[in-house]
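Asker: The letter at position 167 of the sequence shown is residue 167 when you use UniProt numbering, and the numbering goes up by one with no holes.
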Amino acid sequence: MRAFSSGLHRSGKTIALVPTMGFLHQGHLSLMEKGNALADHVVASIFVNPTQFGPNEDLSAYPRDEARDLEMTRRTGVDAVFMPDVQQIYPHGFQTTVSLKVLPNHLCGLSRPGHFDGVATVVAKLLGIVMPQVAIFGEKDFQQLAIIRQMVRDLDMGIDIVGAPIVREADGVAMSSRNMYLSADQRRSARCLYRALKAARQAVADGETDADTIIRSATSRISAHPEAHIDYITVCDPRTLDDMPVINGPALMALAVKIGAARLIDNMILTP
Ligand SMILES: Nc1ncnc2c1ncn2[C@@H]1O[C@H](COP(=O)(O)OP(=O)(O)OP(=O)(O)O)[C@@H](O)[C@H]1O
Ligand SMILES: CC(C)(CO)[C@@H](O)C(=O)[O-]
Ligand code: BAL
Numbered sequence: 001m002r003a004f005s006s007g008l009h010r011s012g013k014t015i016a017l018v019p020t021m022g023f024l025h026q027g028h029l030s031l032m033e034k035g036n037a038l039a040d041h042v043v044a045s046i047f048v049n050p051t052q053f054g055p056n057e058d059l060s061a062y063p064r065d066e067a068r069d070l071e072m073t074r075r076t077g078v079d080a081v082f083m084p085d086v087q088q089i090y091p092h093g094f095q096t097t098v099s100l101k102v103l104p105n106h107l108c109g110l111s112r113p114g115h116f117d118g119v120a121t122v123v124a125k126l127l128g129i130v131m132p133q134v135a136i137f138g139e140k141d142f143q144q145l146a147i148i149r150q151m152v153r154d155l156d157m158g159i160d161i162v163g164a165p166i167v168r169e170a171d172g173v174a175m176s177s178r179n180m181y182l183s184a185d186q187r188r189s190a191r192c193l194y195r196a197l198k199a200a201r202q203a204v205a206d207g208e209t210d211a212d213t214i215i216r217s218a219t220s221r222i223s224a225h226p227e228a229h230i231d232y233i234t235v236c237d238p239r240t241l242d243d244m245p246v247i248n249g250p251a252l253m254a255l256a257v258k259i260g261a262a263r264l265i266d267n268m269i270l271t272p
């Protein structure tokens with residue numbers, strides 16, 4: 001991988017990196033397309049990173065389909081796919097963790113302790129190995145994007161971190177590899193996340209400024225589905241992720257909901 005990137009650097013070509021955990025869908029492909037527009041070459045990585053999964057999470061169940069993923073990347077104009085195994089990324093004796101002090105103390109970081117240490121560490125390694133000028137991340141994982149931006153700034157990595165909008169299915173459900181855990185009924189229930197976000201956006205556009213009111217209304221919408229278990233619903237400052245009790249400027253509404261075996265996340269900017 002290093003030799004490939006060094007060759008491109010020597011010939012003055014730029015590289016965009018799109019890190020993924022595989023089982024690709026149109027959301028991932030949109031990041032790769034963006035990479036194509038921003039750099040001469042696109043590298044995608046596919047690595048199901050064990051260190052970002054908690055002990056009772058779905059590491060062993062996480063869906064994989066290498067052949068299909070490679071075919072999809074080929075059709076999307078990706079120049080190289082970096083698909084290391086766990087020993088290559090974490091060889092015997094590996095001992096470094098990249099850990100942020102503040103941004104992980106919100107949203108998913110609270111329900112997934114250690115998750116963002118795993119994410120920041122593996123992304124630092126992927127950036128170090130692939131040496132891209134640009135790396136692209138989805139806004140679906142809004143907190144992850146914020147954390148990576150902060151890490152790259154803090155560690156002077158000099159890489160442009162670019163966000164890409166959430167790609168949704170026709171019924172509004174955000175695309176996610178984990179949607180495949182859902183039964184047909186659960187998949188229908190999953191629409192309640194986007195519907196709750198849209199209702200919140202409308203309420204704020206219509207003049208509601210009280211975050212508690214917005215959160216209560218989303219909670220009752222989502223709780224109407226017996227299979228949906230809310231992990232969190234938050235209205236916060238999109239830069240700091242601090243709670244924003246009064247919506248007096250653009251606010252991030254973010255939520256995580258467990259439906260069956262899937263923990264789904266989604267978010268939207270609410271603009272007064
Ligand atoms: N629907 C989507 N729209 C835009 N970007 C997405 C979407 N889903 C995932 N991404 C982005 O793709 C990158 C890789 O994410 P990942 O492989 O975890 O995909 P995922 O489908 O979200 O899987 P998971 O089920 O683990 O959340 C991340 O930057 C993520 O934000
Ligand atoms: C960025 C990432 C590839 C790091 O493992 C992962 O968290 C993901 O798929 O969003
Ligand atoms: N989409 C972030 C990867 C994870 O959920 O572990």
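Note that CB positions come from ideal geometry on N, CA and C, so glycine has one too.
If you're wondering where the values come from, they're calculated on a predicted model, not measured in any experiment.
Check whether the region 71-85 and the region 45-63 touch, using three or more Cβ-Cβ pairs below 8 Å as the test.
Answerer: Yes, the region 71-85 is in contact with the region 45-63.
Asker: Find out if the Cβ-Cβ distance for the pair C236, H92 is shorter than 8 Å.
Answerer: Along the sequence shown, read from residue 1 onward, the residue named residue 236 stands at position 236. Along the sequence shown, read from residue 1 onward, the residue named residue 92 stands at position 92. Not in contact: C236 and H92 (Cβ atoms no closer than 8 Å).
Asker: Alpha carbon to alpha carbon, how far is E211 from L145?
Answerer: Translated into positions along the sequence shown, residue 211 becomes position 211. Translated into positions along the sequence shown, residue 145 becomes position 145. Going by the sequence as given, residue 211 is Ala instead of Glu. Between A211 and L145, the C-alpha separation is close to 23 Å.
Asker: Would a C-beta distance cut-off of 8 Å place A124 and Y181 closer than the cut-off?
Answerer: For the purposes of this step, residue 124 is identified with residue 124 of the sequence shown, where counting begins at 1. For the purposes of this step, residue 181 is identified with residue 181 of the sequence shown, where counting begins at 1. Going by C-beta atoms, A124 is not nearer than 8 Å to Y181.
Asker: What do you reckon, are the CB atoms on V173 and A196 nearer than 8 Å?
Answerer: Here the question's residue 173 lines up with position 173 in the sequence shown. Here the question's residue 196 lines up with position 196 in the sequence shown. For V173 and A196, no; Cβs fall outside 8 Å.
Asker: Could you spell out the range, first to last residue, of the beta strand (DSSP E) harbouring residue 281?
Answerer: Past the boundaries of the shown model lies residue 281; the chain is included only from 1 to 272, so the question cannot be answered.
Asker: Answer with buried or exposed for L155, where buried requires no fewer than 16 other C-beta atoms within 10 angstroms of its C-beta.
Answerer: The sequence position of residue 155 within the sequence shown is 155, counting from 1. Exposed is the call here.
Asker: Pick helix, strand or coil for A16, following the three-state DSSP scheme.
Answerer: For the purposes of this step, residue 16 is taken as residue 16 along the sequence shown, with counting starting at 1. Residue state, collapsed to three classes: strand.
Asker: If you drop the 5 nearest sequence neighbours on each side, which residues of the same chain put their C-beta closer than 8 Å to that of R149?
Answerer: Taking the first residue of the sequence shown as 1, we reach residue 149 at position 149. The answer, listed in chain order, is I161.
Asker: Go ahead and pull the three-state DSSP assignment for G172.
Answerer: Looking up residue 172 in the sequence shown gives position 172. Three-state result, G172: coil.
Asker: Once DSSP output is grouped into helix, strand and coil, what is the label at G114?
Answerer: By 1-based counting over the sequence shown, the position of residue 114 is 114. Coil, per DSSP.
Asker: Using only the alpha-carbon positions, how far apart do S6 and E71 sit?
Answerer: Numbered from its first residue, the sequence shown carries residue 6 at position 6. Numbered from its first residue, the sequence shown carries residue 71 at position 71. For S6 and E71, the distance between alpha carbons rounds to 25 Å.
Asker: Run the Cβ filter for me: residues under 6 Å from any heavy atom of ligand 2, listed in the order they occur in the chain.
Answerer: Cβ atoms closer than 6 Å to ligand 2 belong to P19, T20, M21, N49, Q52, V119, V122, V123, D141, Q144.
Asker: So if DSSP puts L255 in a beta bridge, which residue, or which two residues, is it bridged to?
Answerer: What you label residue 255 is simply residue 255 of the sequence shown in a count that begins at 1. Paired residues: I233, D266.
Asker: Could you round the C-beta distance between P63 and F23 to whole angstroms and report it? I think they count as a contact, below 8 Å.
Answerer: For this step, residue 63 is matched to residue 63 along the sequence shown. For this step, residue 23 is matched to residue 23 along the sequence shown. Between F23 and P63 the Cβ distance is about 4 Å, and since that is below 8 Å, they are a contact.
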